[in-house]
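Chains as they are written, first to last, in the numbering used here: chain A, 1 to 372; chain B, 373 to 881.
All C-beta atoms in this analysis are idealised placements derived from N, C-alpha and C, irrespective of residue type, glycine included.
Before any comments, here is the structure.
Okay, here's the thing in structure tokens:
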């Protein structure tokens with residue numbers, strides 16, 4: 001597969017030359033075609049699963065389309081659900097640029113939401129324009145500390161970041177349950193222990209002309225900012241070097257430890273912000289609903305998007321649509337609501353299998369075209 | 373069956389006849405005929421790449437020799453795979469342990485047997501193992517997990533395992549490389565006794581002359597795939613062996629040098645660091661490299677060169693001591709390396725100096741992506757990175773299909789050219805290099821050596837670590853030998869003597 005030392009590209013039509021526009025297109029296509037193929041394969045296998053249950057895959061997928069994307073109403077529902085997914089996926093994608101697999105974003109969502117819920121009482125007297133940014137800062141900071149600690153454990157103590165982040169998510173959930181049912185409980189929350197409700201001016205409202213809260217816009221902006229950071233700044237480039245080969249990064253004198261802690265903390269800040277938005281836009285107070293599984297769906301989103309922050313936007317919307325349809329599927333097809341989780345599981349396994357396919361197809365590697 | 377008592381006993385005689393092994397156009401082993409008499413301890417000497425491993429791999433059936441025969445016990449033997457070799461009574465002990473650390477010695481022995489039963493009757497197995505151990509000249513505790521054994525005990529267990537499996541001709545591949553000198557003496561003493569008793573015949577691959585003289589009966593020396601000499605150890609001095617190993621008529625012609633040697637650029641004083649195995653320390657008491665000179669560090673791999681490189685690149689924090697570059701303490705940060713113009717060429721550049729899946733452009737940009745004239749930058753400039761990569765690729769004649777292709781798609785020589793282009797551009801005051809030509813073809817080797825020499829002539833201080841003694845002799849102004857983590861030899865190149873260098877490389881000062 002190594003190219004020879006002879007003059008490359010000689011005698012090829014210009015469009016087939018390894019540095020022509022077609023080559024550039026082919027190189028980029030790999031990261032789109034393979035995940036898309038894996039997604040379709042996962043959906044197909046899930047279809048077989050439905051057949052074993054005596055249900056029609058065609059009916060299932062048409063219901064998913066109808067409930068997720070069929071009407072303006074379903075689109076609004078989907079976009080609202082996409083907001084936390086966008087930010088939770090960044091908590092996976094940013095550390096992934098350094099070669100780290102962080103799967104405990106759920107913990108940062110919970111700590112971020114909890115910090116916002118706990119602080120809301122103290123900020124109740126402030127106007128929204130001051131209080132909301134402070135609330136967001138508190139949520140982001142809590143998430144940053146939570147996942148940044150995972151990065152620090154990884155770099156300075158050699159603790160596996162995947163396991164550490166997962167276990168810390170359990171700690172975060174237990175901590176939240178303890179505080180929400182104990183010291184921080186609003187006595188008025190009877191059936192569902194919660195912190196005191198947020199003051200009206202601290203709530204996040206809907207974007208004009210639609211029934212989708214501002215969290216979605218925040219998520220999209222965060223994805224764009226993350227893309228700029230990774231693709232357009234020297235910090236992002238340094239992180240890509242360290243993720244591509246940590247020995248090479250060390251020989252170049254790059255501050256690998258600071259990069260690891262910084263990028264994990266930044267990912268955690270995104271997830272923490274997601275928690276704060278869930279509190280301020282959806283639940284109105286911090287409670288057990290924070291641990292709703294967005295952190296875990298975010299893992300699937302990030303992997304499907306190949307950890308590319310821009311690709312996270314459409315993928316998060318797609319998976320949010322799947323989740324939005326679970327109620328309708330349950331009612332119409334008499335399937336349990338865990339069905340959508342089974343679907344996500346099949347897609348995730350397909351994505352993991354597809355990771356082994358990169359670099360195998362000559363069509364995506366123009367430097368090997370000539371050998372064909 | 374409890375122990376393989378039905379097999380024939382006693383040392384096995386083996387002979388290779390005209391053993392030749394070619395990989396494509398490259399001849400790794402050229403018409404090698406050696407006779408290993410029953411009950412002898414035979415040492416096989418040679419530099420890296422001399423063909424020692426190829427020879428034993430052919431004997432054990434890992435490779436199929438291009439031509440040549442093997443006689444086992446006087447009869448022609450056809451060995452298609454290691455299983456055939458085992459059936460004939462041939463066994464091999466590898467440089468690194470092949471025991472399962474979490475299992476006990478007894479468990480390791482029993483599971484190694486090809487006829488191990490599915491359900492093991494441990495009571496009768498243990499009784500048989502104890503009988504077996506009692507008959508051996510040395511013992512290892514049977515009931516302890518292997519991870520609790522010392523390195524010497526593990527190596528003894530590896531040898532006992534071969535005996536337990538009924539092997540009568542043992543190949544030991546650098547068996548003492550992971551042992552302390554005392555452990556090595558003990559293990560080899562036992563092996564020698566087993567040979568003297570006529571239990572086994574041994575062929576040991578080694579670099580250490582001391583071990584050859586102290587334990588072996590016969591020695592054979594390989595150089596560039598050919599058997600160049602050997603005989604009774606008693607008839608040979610260390611100088612004879614060194615001369616056979618290195619060859620004395622093969623001095624490569626030195627590249628033209630010019631310029632004066634200047635001030636000290638790199639000074640290493642009293643640096644101590646833990647080595648990879650954690651068993652030994654690396655200790656560099658004093659090492660100075662001056663402007664306009666190449667200091668060559670020779671040595672057999674695994675004697676601390678890699679760790680020294682890691683200390684100098686900031687990958688391995690030293691336990692004590694000081695590294696100074698241009699008179700000031702140096703910690704290998706990016707800032708320090710940039711301001712004092714320190715550059716590195718680690719060995720195997722694709723694995724140590726590149727991100728294989730990033731593009732050629734990006735890899736060439738590693739050194740300069742955050743620079744903007746004299747200052748640093750925050751926003752990446754893709755256009756500038758591309759322009760720079762295109763210029764350097766042209767200047768250093770890197771053959772790449774496309775600058776957007778992953779650098780892993782380039783051939784080894786072109787990866788090294790790309791890394792040289794990155795590291796040798798601009799002012800370079802100190803260049804630290806490790807095995808720059810490993811695995812490259814002749815043209816790439818000549819070109820890369822010329823670039824290193826050109827940097828030296830331009831006033832760069834060069835520290836060159838290489839396992840290739842020819843390379844050191846060709847390039848260096850001063851020759852050092854690293855052995856067991858220390859600098860064991862230091863001479864100006866004009867006074868350096870090959871045999872003496874080989875002597876120190878063999879760990880015998």
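Around residue 185 of chain A, the same chain offers 193 as residues with beta carbons nearer than 7 Å, after the five sequence neighbours per side are excluded. Per DSSP, the beta-bridge partners of residue 716 of chain B are B/804.
Residue burial is scored here from C-beta neighbours: residue 494 of chain B has fewer than 16 other C-beta atoms within 10 angstroms and is therefore classed as exposed. Residue 509 of chain B is positioned such that its CB atom lies no closer than 7 Å to that of residue 568 of chain B. Between the alpha carbons of residue 134 of chain A and residue 202 of chain A lies a distance of about 10 Å.
In this structure the segment 847-867 of chain B does not touch the segment 682-689 of chain B; the number of beta carbon pairs closer than 8 Å is below three. Judged by their CB atoms, residue 799 of chain B and residue 713 of chain B are nearer to each other than the 7 Å cut-off. Contact between residue 78 of chain A and residue 324 of chain A holds, since their C-beta atoms are separated by about 5 Å, short of 8 Å. Within the same chain, Cβ atoms closer than 6 Å to the Cβ of residue 46 of chain A are found at 343 and 346, the five residues on either side in sequence being excluded. Between residue 143 of chain A and residue 302 of chain A, the CB-CB gap reaches or exceeds 7 Å.
Against chain A, the beta carbon of residue 527 of chain B has no neighbour under 8 Å; the closest one sits roughly 29 Å away. In chain order, 775, 776, 777, 778 and 779 place their CB closer than 8 Å to the CB of residue 731 of chain B, counting only its own chain and leaving out the 5 sequence neighbours on each side. Identification of chain B residues near residue 254 of chain A by a Cβ-Cβ cut-off of 7 Å yields 706, ordered along the chain. About 7 Å separates the beta carbons of residue 608 of chain B and residue 591 of chain B, which is inside the 8 Å limit, making them a contact pair. Within the segment 339-370 of chain A, the residues whose Cβ lies closer than 9 Å to any Cβ of chain B are, in chain order, 358, 359, 365, 366, 367, 368, 369 and 370. Distances from the alpha-carbon of residue 295 of chain A to those of A/284, A/285, A/278 and A/283 put A/278 closest. Considering only beta carbons, no part of the segment 187-210 of chain A lies closer than 8 Å to chain B.
DSSP places residue 57 of chain A within a helical segment (H, G or I) once states are collapsed to three.
Under the DSSP assignment, residue 244 of chain A falls in the alpha helix (DSSP H) whose first and last residues are 234-244. For residue 407 of chain B, the uninterrupted beta strand (DSSP E) segment begins and ends at 398-408.
Here DSSP, grouped into helix, strand and coil, assigns residue 693 of chain B to strand. DSSP places residue 254 of chain A in the coil class of the three-state scheme, outside both helix and strand. Straight-line measurement puts the Cα of residue 213 of chain A at about 27 Å from the Cα of residue 179 of chain A. Here residue 431 of chain B carries a helix assignment [DSSP, helix/strand/coil].
Under the three-state reduction of DSSP output, residue 498 of chain B falls in the helix class. Below the 7 Å Cβ cutoff, chain B contributes 727 and 738 as neighbours of residue 241 of chain A, in chain order. What residue 750 of chain B touches in chain A, judged by beta-carbon distance under 8 Å, is 233, 234 and 235, going in chain order.
Residues of the segment 674-701 of chain B with a Cβ closer than 7 Å to any Cβ of chain A, in chain order: 685, 686 and 687. Residues 522, 523, 524, 527 and 548 of the same chain have their beta carbon placed closer than 8 Å to that of residue 555 of chain B, with the five preceding and five following residues left out of the count. Listed by position along chain B, the residues whose Cβ is nearer than 7 Å to that of residue 23 of chain A are 774. For residue 64 of chain A against residue 348 of chain A, the beta-carbon gap comes to about 17 Å, at or over 8 Å, which does not count as contact. Residue 450 of chain B sits in coil when the DSSP states are folded into three classes, being neither helix nor strand. Assigned with DSSP and collapsed to three states, residue 456 of chain B falls in helix. DSSP, reduced to helix, strand and coil, places residue 660 of chain B within a strand of the structure shown.
Look at residue 244 of chain A: its C-beta is under 7 Å from a C-beta on chain B.
Look at residue 229 of chain A here: in three-state DSSP terms it is helix.
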